[in-house]
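Structure record follows, encoded as structure tokens.
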Amino acid sequence: MTARKRMHLAAHFPGVNNTTVWADPRAGSQIDFASFEHLARVAERGLFDFFFLAEGLRLREHKGRVHDLDVVGRPESLTVLNALAAVTGRLGLAATVNATFNEPYELARRLASLDHLSGGRAAWNVVTSSDAFTGENFRRGGYLDRADRYTRAAEFVATARELWDSWTPDGTPRPFAHHGRHFSVSGTFDVPRSPQGHPVVIQAGDSDEGREFAASAADVIFTRHGTLEAGRAFYADVKARLAAYGRRPGDLKIMPGVTFVLGDTAAEAQERADFIREQQVSPQTAILTLEQVWGRDLSGYDPDGPLPAVDPDPEGGLTRGRVPLGDPFAVAAKWRALAEAKGLSIRQTVIEATGRQSFIGTPRQVAARMDEFVTEEAADGFILVPHLTPGGLDDFVERVVPLLQERGAFRTEYTGSTLREHLGLPLPVWKG
Numbered sequence: 012m013t014a015r016k017r018m019h020l021a022a023h024f025p026g027v028n029n030t031t032v033w034a035d036p037r038a039g040s041q042i043d044f045a046s047f048e049h050l051a052r053v054a055e056r057g058l059f060d061f062f063f064l065a066e067g068l069r070l071r072e073h074k075g076r077v078h079d080l081d082v083v084g085r086p087e088s089l090t091v092l093n094a095l096a097a098v099t100g101r102l103g104l105a106a107t108v109n110a111t112f113n114e115p116y117e118l119a120r121r122l123a124s125l126d127h128l129s130g131g132r133a134a135w136n137v138v139t140s141s142d143a144f145t146g147e148n149f150r151r152g153g154y155l156d157r158a159d160r161y162t163r164a165a166e167f168v169a170t171a172r173e174l175w176d177s178w179t180p181d182g183t184p185r186p187f188a189h190h191g192r193h194f195s196v197s198g199t200f201d202v203p204r205s206p207q208g209h210p211v212v213i214q215a216g217d218s219d220e221g222r223e224f225a226a227s228a229a230d231v232i233f234t235r236h237g238t239l240e241a242g243r244a245f246y247a248d249v250k251a252r253l254a255a256y257g258r259r260p261g262d263l264k265i266m267p268g269v270t271f272v273l274g275d276t277a278a279e280a281q282e283r284a285d286f287i288r289e290q291q292v293s294p295q296t297a298i299l300t301l302e303q304v305w306g307r308d309l310s311g312y313d314p315d316g317p318l319p320a321v322d323p324d325p326e327g328g329l330t331r332g333r334v335p336l337g338d339p340f341a342v343a344a345k346w347r348a349l350a351e352a353k354g355l356s357i358r359q360t361v362i363e364a365t366g367r368q369s370f371i372g373t374p375r376q377v378a379a380r381m382d383e384f385v386t387e388e389a390a391d392g393f394i395l396v397p398h399l400t401p402g403g404l405d406d407f408v409e410r411v412v413p414l415l416q417e418r419g420a421f422r423t424e425y426t427g428s429t430l431r432e433h434l435g436l437p438l439p440v441w442k443g
């Protein structure tokens, strides 16, 4: 008899892009430690696998001005997570850290330190950048070609693992030496092997190169997909790539980022969800988002009017420091088709086209739908992105988690102490 498949859950601290509804009177600070502590404590009370922090290395700009519609300023991830290690006992702590503007020895040391301070609960979400705008904050600038970002990241992760493996499981340090295309380092690593061997490695990406990188090197892939069918296709594709690297399907957990809205009835939940999306995409945000795609000043357009008839200008460069939404011509064509088919205005189109996968309904409906995604192999679990900072996870933990436990779809207690144990991941084989 096949064992009941249980989902994994993580909490994403909101505050990036326009996810957070800052106008809500319950919204708090995105930089005060109390906000991070609140969300982490709630996630641990809900028996979540880990707490996830995004990262930004430069304030974004639009039309030459700081883009303040999402967030202006946030502290460095590992610093926050080291503090959270002191106020949590089981919750995993995942930091997004850029592999382009860091060096293996220094970052491997910081991650290993968090792993020890937390008793084996650290994770590293590996991201890359070929953005010269962000690079201006660093001595090297934007030197890295876009085509090289994953090759450097792959070598970075491999080098970090060599450093972590330079200590034997019985606590003996050994000299290390790595000589590759991007890094040439040698010496002796000064942090012993952690309780979980290596910090968990997370990869965020849906591109073909991102999928391949995750299959070769990651323990968790943070993705997004809008339907059960799309999720199943992504799940099957990525899991099928693992065998080429000598890995099993369970060695990589697929966890899409999702939102949720609860109500006492399905109609009430949908009404709340519609209101939240309208708050997230104000008229000003709708025009700004459109300008990101079109690369043109569209401030003269009515957000309640139709999409522009002009084509995008791919060299417009109005927005700096944000990840592109995709090929501007392809995105514009898709949005025009959507607007024409449904008779949508600019704002309505942006609301519909940029929405993340959401679970909307009563707590019981949301629990059932999430369980379906896992049992139908569209995901191994979810990274929840609430719309309020920091209390947006409270209702889910109080109203949905007990129903998931009732269904046998989620744990009723922590059975291990490390993040690898929470995720059901094997200890890394020591390669001395």
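Reading the sequence shown from the start, the letters are residues 12 to 443 in my numbering. Note that CB positions come from ideal geometry on N, CA and C, so glycine has one too.
- Relative to the Cα of Glu383, the nearest Cα in the group Leu128, Glu240, Thr296, Leu299 belongs to Glu240.
- Around Gln207, the same chain offers Gly131, Thr429, Arg431 as residues with beta carbons nearer than 6 Å, after the five sequence neighbours per side are excluded.
- Three or more Cβ pairs drawn from the stretch 223-238 and the stretch 254-269 lie within less than 8 Å of each other, which places the two stretches in contact.
- Residue burial is scored here from C-beta neighbours: Ala225 has at least 16 other C-beta atoms within 10 angstroms and is therefore classed as buried.
- Ranking Ala38, Gln41, Ala105, Ala171 by CA distance to the CA of Glu117 puts Ala171 first.
- Distance check between Ala106 and each of Arg120, Thr90, Pro115 places Thr90 closest, using alpha-carbon atoms only.
- Between the alpha carbons of Arg243 and Gly392 lies a distance of about 13 Å.
- Burial is judged here by how many other beta carbons sit within 10 angstroms of a residue's own beta carbon; Ser197 has fewer than 16 and is exposed.
- Under a 10 Å Cβ-count criterion, Ser195 is classified as exposed, with fewer than 16 other Cβ atoms of the shown protein chains found around its own Cβ.
- Taking C-beta atoms under 8 Å as the contact rule, Gly372 and Arg288 fail to qualify, at a distance of about 15 Å.
- Annotated three-state conformation of Thr296 is helix, per DSSP.
- Note on geometry: alpha-carbon atoms of Pro325 and Ala110 lie some 27 Å from one another.
- Contact annotation: the stretch 309-325 touches the stretch 340-353, with at least three C-beta pairs closer than 8 Å.
- Proximity to Pro397 across Lys16, Phe200, Arg37, Met18 peaks at Arg37, based on C-alpha coordinates.
- In this structure, the straight-line span from the alpha carbon of Leu273 to that of Gln376 is close to 9 Å.
- DSSP places Ser369 inside the beta strand (DSSP E), whose first and last residues are 369-372.
- Across the set Pro323, Asp322, Pro294, the C-alpha of Pro294 shows the shortest separation from the C-alpha of Ser310.
- Comparing alpha carbon positions, the residue from Asp159, Phe340, Lys16, Phe47 closest to Ala22 is Phe47.
- For Leu434, the uninterrupted alpha helix (DSSP H) run begins and ends at 430-434, by DSSP.
- In summary, Phe370 is buried, with 16 or more beta-carbon neighbours lying within 10 Å of its beta-carbon over all protein chains present.
- Here Ile213 really is in contact with Asn136; their C-beta atoms are around 4 Å apart, less than 8 Å.
- Note on the stretch 226-281: whole beta strand (DSSP E) runs with a minimum of 3 residues are 231-234, 264-273, in chain order.
- The C-beta distance from Glu417 to Leu58 rounds to 14 Å, too long to fall under 8 Å, and the pair is not in contact.
- For Pro437, the number of other beta carbons within 10 angstroms of its own is below 16, and it is reported as exposed.
- For Val32, the number of other beta carbons within 10 angstroms of its own is at least 16, and it is reported as buried.
- According to the DSSP secondary-structure assignment, Ser40 is paired through a beta bridge with no residue.
- For the stretch 46-72, the full-length beta strand (DSSP E) segments reaching 3 residues or more read 61-64 along the chain.
- Pro413: not part of any beta strand (DSSP E); member of the alpha helix (DSSP H) spanning 412-417, first to last residue.
- Excluding five sequence positions before and after Leu128, the CB atoms of its chain that fall closer than 7 Å to its own CB belong to Asn93, Ala96, given in chain order.
- Under a 10 Å Cβ-count criterion, Lys16 is classified as exposed, with fewer than 16 other Cβ atoms of the shown protein chains found around its own Cβ.
- Note that the C-beta distance between Leu125 and Ala119 is not below 8 Å.
- Take the alpha-carbon of Gly306 and the one of Ala188: they are about 46 Å apart.
- Separation of the CB atoms of Thr139 and Ala164 is rounded to 5 Å, and the pair is thereby assigned contact status at 8 Å.
- Within the same chain, Val408 come within 8 Å of Arg56 by CB-CB distance, once the 5 residues on both sides are set aside.
- In the structure shown, His209 falls within a coil segment according to DSSP collapsed to helix, strand and coil.
- Rounded to the nearest whole angstrom, the CA to CA distance from Asp275 to Phe286 is 16 Å.
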